Structures are given as structure tokens and as C-alpha cells.
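Residue numbers (this note's numbering), protein chains in the order written: chain A, 1 to 267; chain B, 1 to 277; chain C, 1 to 330. A quick write-up on the structure given underneath.
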Amino acid sequence: MNSLALLGRYYAASMRAQMQYPASAIMLGTGAFLVTIIDMLAVWALFDRFGQVQGWGLGDIAVFYGVISASFAITDFFTRGFDIFGSAFVKTGAFDRVLLRPRSPTLQLIGYEFRLSRFGRLAQALLVLFVGAALVDLQWTPEKAVLLAWTIAGGVALFAGLMVLQASFAFWTTESLEVFNVLTYGGVQAGQFPLSLYAGWFRNLLIFIVPIGCVAYYPVLALLDQPDPLGAPAWWLPTAPAMGFLFLAASFLAWRAGIARYTSTGS
Amino acid sequence: MDAARPYVAAFASRFLLMLQYCAAAVAGFATQCWWGAIKVMIYAAFYAAAPGAADASPMSLAQAITYVWMAQALLALTPWGADPDIAQAVRTGSVAYDRLRPVDTYWLWYVRSGAWMVSRAAPRAALMLLAAGLALPLLGLSDWAWGPPTDLTAAAFFAVSLLLAVALSSAMLMLVNLVVAATLTDRGAVTLYNPLVIVLSGNLLPLALYPDWAQTALLMQPFAGMLDIPLRLYVGQLSGAWAWAGLGLQVFWTLVLILVGRAALTRVMTRLDVQGG
Amino acid sequence: MPQILVEDLAKTYRVAERDPGLLGAVRGLVHRRHRTVEALRDVSFSLEAGELLGFIGPNGAGKSTTIKILSGILKPDAGLVLVNGRVPFTDRIAHVSKIGVVFGQRTQLWWDLPVSEGFDLLADIYRVEPARYRANRDELVALLRLERVLDRPVRQLSLGQRMRAEIAAALLHEPDILFLDEPTIGLDAPSKLAVREVVRRLNRERGVTVLLTTHDMHDIEALAQRVIVIGHGQVLADSPFETLRANVLAERRLVVDFAHEAPEIIMAGVEIRSRQGQTLELAFDPARTPTPNLIAALAAAHEVVDIHVGEPAIEEVIARFYDLHGAGEA
Chain A
1 MNSLALLGRY YAASMRAQMQ YPASAIMLGT GAFLVTIIDM LAVWALFDRF
51 GQVQGWGLGD IAVFYGVISA SFAITDFFTR GFDIFGSAFV KTGAFDRVLL
101 RPRSPTLQLI GYEFRLSRFG RLAQALLVLF VGAALVDLQW TPEKAVLLAW
151 TIAGGVALFA GLMVLQASFA FWTTESLEVF NVLTYGGVQA GQFPLSLYAG
201 WFRNLLIFIV PIGCVAYYPV LALLDQPDPL GAPAWWLPTA PAMGFLFLAA
251 SFLAWRAGIA RYTSTGS
Chain B
1 MDAARPYVAA FASRFLLMLQ YCAAAVAGFA TQCWWGAIKV MIYAAFYAAA
51 PGAADASPMS LAQAITYVWM AQALLALTPW GADPDIAQAV RTGSVAYDRL
101 RPVDTYWLWY VRSGAWMVSR AAPRAALMLL AAGLALPLLG LSDWAWGPPT
151 DLTAAAFFAV SLLLAVALSS AMLMLVNLVV AATLTDRGAV TLYNPLVIVL
201 SGNLLPLALY PDWAQTALLM QPFAGMLDIP LRLYVGQLSG AWAWAGLGLQ
251 VFWTLVLILV GRAALTRVMT RLDVQGG
Chain C
1 MPQILVEDLA KTYRVAERDP GLLGAVRGLV HRRHRTVEAL RDVSFSLEAG
51 ELLGFIGPNG AGKSTTIKIL SGILKPDAGL VLVNGRVPFT DRIAHVSKIG
101 VVFGQRTQLW WDLPVSEGFD LLADIYRVEP ARYRANRDEL VALLRLERVL
151 DRPVRQLSLG QRMRAEIAAA LLHEPDILFL DEPTIGLDAP SKLAVREVVR
201 RLNRERGVTV LLTTHDMHDI EALAQRVIVI GHGQVLADSP FETLRANVLA
251 ERRLVVDFAH EAPEIIMAGV EIRSRQGQTL ELAFDPARTP TPNLIAALAA
301 AHEVVDIHVG EPAIEEVIAR FYDLHGAGEA
């Protein structure tokens, strides 16, 4: 059985396990939907009071938000194994079991759980995205659809990279580092606004260190047919999501170093 | 004060235990700084974008910034999920021991819930005060900092109001605990309740910044007293007669929630006895 | 060539020493102190296909380190390890497809899934050909008497049922070597017997090579033809268990029931180990006091109801063994 088919089997099993508690799954999904939709409530209230910000309106912000939030929701479906890696695998020694199976550890961790409750967040993100697009009267073309898919893919790669990086650190700390939530959940929070609203240091952080801006701000500018007020060249805007993939690749270097450490210390 | 002794002891033991979760506090602190920084920058951008609307706003930018840092600092004072210990006591049945002690179960749980929240909030608030109240001004970023209270009166009102907020939040947390006890599960109900608290306590956005037509309703509802009223008093956005009204609202809702909680406790306990029998 | 070949295996850990508490953790970030622990040094042994080897030793002696290296999870510092002609660590995926591992305290099944679905998933993970898998599963289910638990989620199984399911899970891909790490830990007596019975049959009937670590000496007594005793990271003994017993304790036990009050003294060279009413347990060295002589002397001097020969309990053998080697619990 090839890796993709096996992943399908893992997920089928995971969903069946979750559906043993259907009420809980539905509640969690609804809760995720509500918790995230209220983000937009605050944004709406601010626009209601102040009208606009740097020429952006509620619809624009909704598109920025929808894109980054959808990326994170999709990542969250399949990265649970990395998210809780420290406490669930390193500390308990369960990673031994992973190494005892004739499949790559990455595949097994991706297969660890498919979080049904994340449909709530994804539904919310897509709803916000398409309502926002309607508000700004965005004209959908095949090119734009491809750009959207490419942007979200870059975002998924970036968030997956953060999860892998978090898991890699756990080889040393043996705890799941909650601090990474700043970069994942906080990344969604930061990425929902245009970078031009932020102070310079924060902007640079979001471009060069944790390239959230590259998978939200730049490509969404292209989606909205806006030039970058900060002056990035036009060709860069749709190219930027590639940084997400670069980040993922770099994270896997750390992951490999972590596994090498685990296999030489056994803890 | 012998009558209060068991409650004081329960408060103290829980408080000390919770302080040991310092590492988690550091992680939480980093998250709160990040969130606070984003909000501060976004508010600044909005205020700068529409000078007219900014002047008309019931809250100045400096007030809003102080409000944001304090809301982040006091995040754990808001009654989120159920007190995990009490939920577990119900699930494992060890709640029976609490019933055997010669104390009032409601007050015992009430003070434990309060200790749980205060102990989680205190270290974070202290860190946040150091960072946003001290470090930022020292770095020359006073415009972005957690500012001092408007005047001594505001400080006094804030101090009283903060205590009332703890009392009110504990009463609310008791209701959450009781829902968990009654349903024997903590996830479902709580996930639906959390968004409500985030919005209505002012944690998401200072209540004063919501549309003007919603202001009265927002101030009257019980969650305002858990965070928004103390913070408005601190920044001087509620003063004079309004300040007294704020405290009154907190007292009123605390009493209401305690009465509801005590009635609910009696009913839940009867049901647990039936189940246990 | 033997199926498992281990030569001069060595493994040292660097253990970071950390003071307790938050302050210690912070200090540890700035300045780390390390202590080196020699987990294994110069460990050599070999195992032929079809053998059943017991691995015993106190906690921290190096048992699990050895198992981890043999199963490819851990990389040794020095020495040669060949299992089925492969180096486990460098050839991990090929290696682990051919071995089965059961850790007594950890599950390899999925907590919320029925046992049978866990089996199906494992068959996919190990790429077992469907027809072979079905035949194999049915045979294991019958052998381990799992018919009644197949449809139940793992979390609902008793410890004994779960352990039998774990063993089946470890064998679905027909490994020719089975590593069992404390397979009977925490089990009740009937489950222990069942597990031992299964391991014995797998070894005898299917020719599976078994390497077993355990604290329960009855496992060793019931199963192992050969025993390796490990202590302080070294092989202290590698022999059939009976030889070990004979070497360590040149001592026999005789339990005697008297028709009257048990006597205070028997004869020179015979020690009274315990006294219970009219029954005595005697210990003696058969080289100095031949057993028939002792029995004759007893029968001549006293009115004896019954005599039977005892043997020192295996725990005692091992404890004595460690005393001799100065390698008690670390």
C-alpha cells in the first residue's frame, strides 16, 4: 500500500474514532466556528466606528483574514501529531513505536489524527473570505482562483513548517512548546491585517523571520489588484508564497537533526 | 474569624500549588504580549486613519492602549473553562469527601475557584506590568505603554472594582463548574460559552468601542463587570456617578450569580446523590 | 551465521544534570552540567534462529538499551550488530519489517479503535499481502483466543486481553524475531500463564526467535532455554538457566515433616532455613553432605513423615548472583 493510500486509511480510522463521540465532535466544530468568527466581530466594530484604515475597508480585511485562516485550518487538520509531539511522543517514549514501524516517521505523524473539529474553522475562514471578496467586488478569474490556491498552499506549508519546527524542538525539551502558539494562532492574528498597519520591526519579523506576510499580505494584494503601499515590486506579490515552502524545507532540516539526536540518546 | 478559616486555608493551598505552573505562565505571557502588540498597533492605525472619528470615540487611543495591556494581563481572571480540579472531583466521585467536611460546599468551591483564577492571573499580570508598564517607557515607547491610572480616585475605584471582579468571576466560574458537574463533561458546553465571554467581557475589544447604540446593553450585562468595568475605571472612562454605577452593577450581578449558583448546587447535589446511591 | 550477532557493543549517554524547579531549569539553559553514563560496554552474544533467550537484570542494567539497539531505535557508539545480516540502525525500514516488538507497558494498537480495525491498519502499514494477512490473523486470533475481543475498542480491554492482542499485533507481518519487553508486567496469574503458553508455542511451532526481558523470574523459568544476565552494562553470564543455578548456588534444599516437635539441630554442615511447626527447611552443600546420607541420618534419628527436595527460588539465585558480582540494583 503506498503512502497516500495508507494516509487515507489512517484518516478513515481517526475519523471513526472521533465519531464515537459525535456530540463532542460537533460541539467542538461549532465552538471553533464561533471562537474564530468573533475575530471578525471586533474588526467589524472598528470599521463601524472609524470607517476605513489606510484606505482598506472591512471587505479587504476579510479577504486577508480568510486566506490566512483557511491556510491554518487546513494545516490543523493533519498536524496534530506534530503539535502535541513533545508530550505525546517524546516524553512518553511513544516515538519508539513510530521508529519500529516500516514507514517514515513524518508519514506516521501526519496520519496520527485528522481533526474533524477543524471543519468549523475552515468553514468560518471560507465564509469570511468569500463574503469579503463580494464586499470588495472581487472579479474571480481562473488566474485568481489559481493564485488563491497557491497562496493557501504556501500558507499551509508555512504553518506545517512551524508545527514541524515545534516538534523538532521537543526532541530537546521533551515538552510541547506552547510558545509556538504565538507563531501559529498568533500568526493568523497578525496575518489578518495588511502589513502596512504595523510598526517596522514587526513587519520585518513577519517577512523575514516567520514569513506570514509572504503567504498572506503580498499574494492577497495581488488578489485584490492592489500595488504594495510599501513598494515591493509587482512580480514579487504572487511569488511570495514560495517562502512558505522554503520555510517548510528548513524545518525538516531541524526535524532530521532532532531524529538523529533521539536515536543517539534514546530520550 | 474562625468561621472563615477553612476557606482561607483552601485558598492558600490552591494558590501555592498553582504558582508552580510558572513555565506555563511564561508561555502564556509571550502569547499575551504578541496579541497585545498586534492590537495596540491596529488600534493606532485605526485612530490615525480617521481623526474625526477618533476625537468622537468614547475612548482615546492612550486609554485604549492601556486597556489592551491590562486586558491581556488579567486574561486569566476571566472565567473561561471549568476549574479542572472540581470537574475531576465530580467525575471521580471524590466530591463526596467535600460533602463530608463541616463546611459549606458552595463557599469551599467558590474560594477554590477564586484561588485558581487569581493564582493564574497574578504572575502574568506582574510580568505584563513589568513589560508594558515599565520596560516600554524605559525604551522610550511611552506612547505604546500601559499608563498609570488617571488619578487617585480612579485608582481607588479600580482597586475596589478589581476585587469585585474576582468575586463576580468566581461566582460565574461556579456556574460553569456546576454545568460541568451536571453534564459530567466539560468540553461541549464550555466551547460554546467561551466566545460569549471573550466578546462580552471586553477581552476582544473594549466594550466602549462597539457601536454607540449597543453601549447601554453592553454595560448592563454581567460579563462587563469581570473585566471591562474595572479597566474603564482605571483609564478614567467611567467616572463620577457612572463609576458608582459600575461598582453597583458588579455587586448586583455577583449577588445574582451567587444566588443562582447556590440554588443550582442544591439541585446538582441531589442528582449526584441519586446517581451515587 | 547466527541470526543475531552482537560484538563489543558499547553505548554511553550524556545525561544533563538539572537542578529541580524553575530556577534549576533556567540555570540549566545557561550552564549545562553533564554526567556520562555507560549503559553498555563490550556486550557480545549471538543467537541462532529459533532460540528463546531470556534477558534479565536490574533496572538500568542495560536491558532496554540492548533491545532498543537490536530493534533499530537506538544507534550504538561502538561495536557490531547484525540481525538477519542487516545493521538495524542503518537499514531501519527493512529491518523493522522483519521483527515484532511488544513493550509491556505501551500499546501499539489504537486506543479508540476496535482491535480488528487496528489489525487491518497494521497490515497496511507493514504492507502484508491481503490473503496472507487474513490467514495469519485468523490463526493468531485462534491461538490467542481473541475472538471475543475483536470488535471491542482497545480501551475497553482488560490488561490480559490487551497483552494478547498486542502480541498478535506484533506478529501479523510474520516477523522471524520477536522482542518482548516485560510482556507479563501487571498481568493477573491466568493471563501470565496464557502469555507464556503463546510465546512457547510461537517459538516451538513457528520457529520464531524470541528475546525476552522480564522481572518475573517465573517467565524465565517457564520459557527460557538460555539466559543472559546483564548488570552495569556488561554480560555477567550467558548460559542455560540450570547451569546458572548450579554455578551460583551449590546448595540443595530439603523439606522435612516430622511426626513430633522438629529438632533444634540436625547435623554439622546442615543449616535450618525455616521452621514451621513440625516442618523444617534444610539447606546443605551436596558436595560435603551427600543427599542420601542426610536422608538416612534423618530417618535413623527421628520419626519422619515426609521428605521432599526443594530448590532455591529463582529470585534468590539471581540476588545471590548479583552479590557475587557486586552488581546489585543500581
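The C-beta atom is built at its ideal place from N, Cα and C for all residues, glycine as well. Computed from a predicted model, the values in this text were never measured in an experiment.
Problem set entry | For C/S239, the first and last residue of its enclosing beta strand (DSSP E) | For the purposes of this step, residue 239 of chain C is identified with residue 239 of the third sequence, where counting begins at 1. Where C/S239 is concerned, the enclosing beta strand (DSSP E) stretches over Q234 to P240.
Problem set entry | Status (buried if at least 16 other CB within 10 Å, exposed otherwise) for A/L195 | Locating residue 195 of chain A in the first sequence gives position 195, counting from the first residue. Counting Cβ neighbours within 10 Å, A/L195 comes out buried, since at least 16 surround it.
Exercise. Of all the options A/P211, A/L107, A/E178 and A/Q52, which has the alpha carbon lying nearest to the alpha carbon of A/V156?
Worked result: Residue numbering aside, residue 156 of chain A sits at position 156 when the first sequence is read from its first letter. Out of A/P211, A/L107, A/E178 and A/Q52, A/P211 has the C-alpha closest to the C-alpha of A/V156.
Exercise. C/V309 bridges to which residues according to DSSP?
Worked result: Counted from its first residue, the third sequence places residue 309 of chain C at position 309. Under the DSSP definition of a beta bridge, C/V309 partners with C/L254.
Exercise. Is it right to say C/I69 is buried, meaning 16 or more other beta carbons lie within 10 angstroms of its own, or is it exposed?
Worked result: The count along the third sequence starts at 1 and reaches residue 69 of chain C at position 69. Buried.
Exercise. From C/L80 to C/R288, what does the alpha carbon distance come to, in whole angstroms?
Worked result: Here residue 80 of chain C refers to the residue found at position 80 of the third sequence. Here residue 288 of chain C refers to the residue found at position 288 of the third sequence. A direct Cα-Cα distance of roughly 45 Å separates C/L80 from C/R288.
Problem set entry | Sheet register partners of C/Y13 (DSSP bridge) | Against the third sequence, residue 13 of chain C aligns to sequence position 13. In the DSSP output, where bridge partners are listed per residue, C/Y13 has C/V37.
Problem set entry | Cα-Cα separation between B/P148 and B/V197, rounded to whole angstroms | As a position in the second sequence, residue 148 of chain B is number 148, starting the count at 1. As a position in the second sequence, residue 197 of chain B is number 197, starting the count at 1. So the alpha carbons of these two residues sit roughly 26 Å apart.
Exercise. Can you give the beta carbon distance from B/W146 to B/A132, rounded, assuming they're within the 8 Å contact cut?
Worked result: Here residue 146 of chain B corresponds to residue number 146 of the second sequence, with the count starting at 1. Here residue 132 of chain B corresponds to residue number 132 of the second sequence, with the count starting at 1. Correct: roughly 4 Å between the Cβ atoms.
Problem set entry | Inside the region 173-246 of chain C only - beta strand (DSSP E) runs reaching at least 3 residues | Listed in chain order, the beta strand (DSSP E) runs fully inside the region 173-246 of chain C are 177-181, 209-213, 226-231 and 234-240, counting runs of at least 3 residues.
Problem set entry | Closer than 8 Å to chain A by CB, B/L227 | Stepping through the second sequence from its first residue, residue 227 of chain B is reached at position 227. With 8 Å as the cut-off, B/L227 does not count as an interface residue toward chain A.
For this session: Report yes if the CB atom of C/A165 is closer than 8 Å to the CB atom of C/L146, and no otherwise.
Result: Here residue 165 of chain C corresponds to residue number 165 of the third sequence, with the count starting at 1. Here residue 146 of chain C corresponds to residue number 146 of the third sequence, with the count starting at 1. Against a cut-off of 8 Å, the Cβ pair of C/L146 and C/A165 comes out as a contact.
Exercise. Does the beta carbon of A/N204 come closer than 8 Å to any beta carbon on chain B?
Worked result: Taking the first sequence and counting its residues from 1, one reaches residue 204 of chain A at position 204. At a cut-off of 8 Å between beta-carbon atoms, A/N204 makes no contact with chain B.
Problem set entry | Interface flag, A/D96 vs chain C, CB-CB below 8 Å | Your numbering for residue 96 of chain A matches position 96 in the first sequence. True, the Cβ-Cβ gap to chain C drops below 8 Å.
Problem set entry | Start and end residues, beta strand (DSSP E) containing C/R275 | Looking up residue 275 of chain C in the third sequence gives position 275. Start and end: V270 to Q276.
For this session: Would you mind sorting C/G310 into buried or exposed? The rule is 16 or more other CB atoms within 10 Å of its CB.
Result: Here residue 310 of chain C corresponds to residue number 310 of the third sequence, with the count starting at 1. Taking every protein chain shown into account, the CB of C/G310 has fewer than 16 other CB atoms within 10 angstroms, so this residue is exposed.
Problem set entry | Chain-order list of residues whose beta-carbon lies under 7 Å from that of B/S161 (same chain, five-residue window excluded) | What you label residue 161 of chain B is simply residue 161 of the second sequence in a count that begins at 1. For B/S161, where only same-chain residues beyond five positions count, the Cβ hits under 7 Å are I229, P230, L233, G246, L247 and Q250.
Problem set entry | For A/V136, three-class secondary structure by DSSP | Counted from its first residue, the first sequence places residue 136 of chain A at position 136. When secondary structure is reduced to three states using DSSP, A/V136 falls in the coil class, being assigned neither helix nor strand.
Exercise. Cα separation between B/W109 and B/L227?
Worked result: Position 109 of the second sequence, counted from the first residue, corresponds to residue 109 of chain B. Position 227 of the second sequence, counted from the first residue, corresponds to residue 227 of chain B. Take the alpha-carbon of B/W109 and the one of B/L227: they are about 22 Å apart.
For this session: Please name the residue, chosen from B/L255, B/D151, B/V235 and B/M59, that lies closest to B/A167 on a Cα-to-Cα basis.
Result: Position 167 of the second sequence holds residue 167 of chain B. Out of B/L255, B/D151, B/V235 and B/M59, B/L255 has the C-alpha closest to the C-alpha of B/A167.
Exercise. Over what stretch of residues does the beta strand (DSSP E) that includes C/V83 continue unbroken?
Worked result: Walking along the third sequence from the start, residue 83 of chain C turns up at place 83. Under the DSSP assignment, C/V83 falls in the beta strand (DSSP E) whose first and last residues are A78 to V83.
For this session: Return the residue from the list A/Y218, A/L224 and A/M243 that minimises the CA-CA distance to A/A232.
Result: Counting from one through the first sequence, the residue named residue 232 of chain A turns up at place 232. Of the candidates A/Y218, A/L224 and A/M243, the one whose C-alpha sits nearest the C-alpha of A/A232 is A/Y218.
Problem set entry | N- and C-terminal bounds of the alpha helix (DSSP H) containing B/A4 | Residue numbering aside, residue 4 of chain B sits at position 4 when the second sequence is read from its first letter. It is not in any alpha helix (DSSP H) - B/A4 carries neither H nor E in the DSSP assignment.
Exercise. Candidates A/Y198, A/F193, A/G161 and A/Q192: which alpha carbon is nearest A/F180's?
Worked result: In the first sequence, the residue the question calls residue 180 of chain A occupies position 180. Of A/Y198, A/F193, A/G161 and A/Q192, the residue nearest in Cα terms is A/G161.
For this session: Report yes if the C-beta distance between A/A62 and A/M40 is below 8 Å; otherwise report no.
Result: Reading the first sequence from its first residue, position 62 is the one you call residue 62 of chain A. Reading the first sequence from its first residue, position 40 is the one you call residue 40 of chain A. Taking 8 Å as the Cβ cut-off, A/A62 and A/M40 qualify as a contacting pair.
Exercise. Mind pulling the chain A residues with CB within less than 7 Å of B/S57?
Worked result: Taking the second sequence and counting its residues from 1, one reaches residue 57 of chain B at position 57. Listed by position along chain A, the residues whose Cβ is nearer than 7 Å to that of B/S57 are R49.
For this session: Spell out the partners DSSP gives C/E281 in its beta bridges.
Result: Looking up residue 281 of chain C in the third sequence gives position 281. DSSP lists C/V255 and C/S274 as the bridge partner or partners of C/E281.
Exercise. Taking just the CA atoms, how far does C/E221 sit from C/E329?
Worked result: Looking up residue 329 of chain C in the third sequence gives position 329. Looking up residue 221 of chain C in the third sequence gives position 221. Bear in mind that a pLDDT of 45 at C/E329, under 50, signals an unreliable position, so the number given afterwards is only what the model happens to contain. Near 21 Å, if we compare the C-alpha coordinates of C/E221 and C/E329.
Problem set entry | Candidates A/Q108, A/G51 and A/G154, of which the one nearest A/G8 by Cα | For the purposes of this step, residue 8 of chain A is identified with residue 8 of the first sequence, where counting begins at 1. Checked all of A/Q108, A/G51 and A/G154; the closest Cα to A/G8 is A/Q108.
Problem set entry | Boundaries (first-last residue) of the beta strand (DSSP E) holding C/I99 | Within the third sequence, the letter at position 99 stands for residue 99 of chain C. Secondary structure note for C/I99: its beta strand (DSSP E) is the uninterrupted segment I99 to F103.
Exercise. Of all Cβ atoms in chain B, is any one closer than 8 Å to the Cβ of A/L135?
Worked result: Sequence index remark: in the first sequence, residue 135 of chain A carries index 135 (1-based). Not one chain B Cβ lies under 8 Å of A/L135.
For this session: Provide the residue span of the beta strand (DSSP E) that contains A/L177, from first to last.
Result: What you label residue 177 of chain A is simply residue 177 of the first sequence in a count that begins at 1. Counting along the chain, A/L177 falls outside any beta strand (DSSP E), and DSSP gives it neither H nor E.
Exercise. In terms of residue numbering, what span does the alpha helix (DSSP H) encompassing A/L34 cover?
Worked result: In the first sequence, counting from the first residue as 1, residue 34 of chain A sits at position 34. Per DSSP, the continuous alpha helix (DSSP H) segment holding A/L34 begins and ends at P22 to F50.
Problem set entry | Reduced DSSP category for B/G202 - H, G, I as helix; E, B as strand; rest coil | Within the second sequence, residue 202 of chain B is the residue found at index 202, counting from 1. B/G202: coil per DSSP, three-state reduction.
Problem set entry | C-alpha gap between C/R275 and C/L74, whole angstroms | As a first step, residue 275 of chain C must be located in the third sequence, where it is residue number 275. As a first step, residue 74 of chain C must be located in the third sequence, where it is residue number 74. Using only the alpha carbons, I get a separation of about 51 Å.
For this session: List in chain order: all unbroken alpha helix (DSSP H) runs of 4+ residues lying wholly within the region 169-233 of chain A.
Result: Segments of the alpha helix (DSSP H) lying fully in the region 169-233 of chain A: 180-191, 200-204, 212-215 and 217-223.
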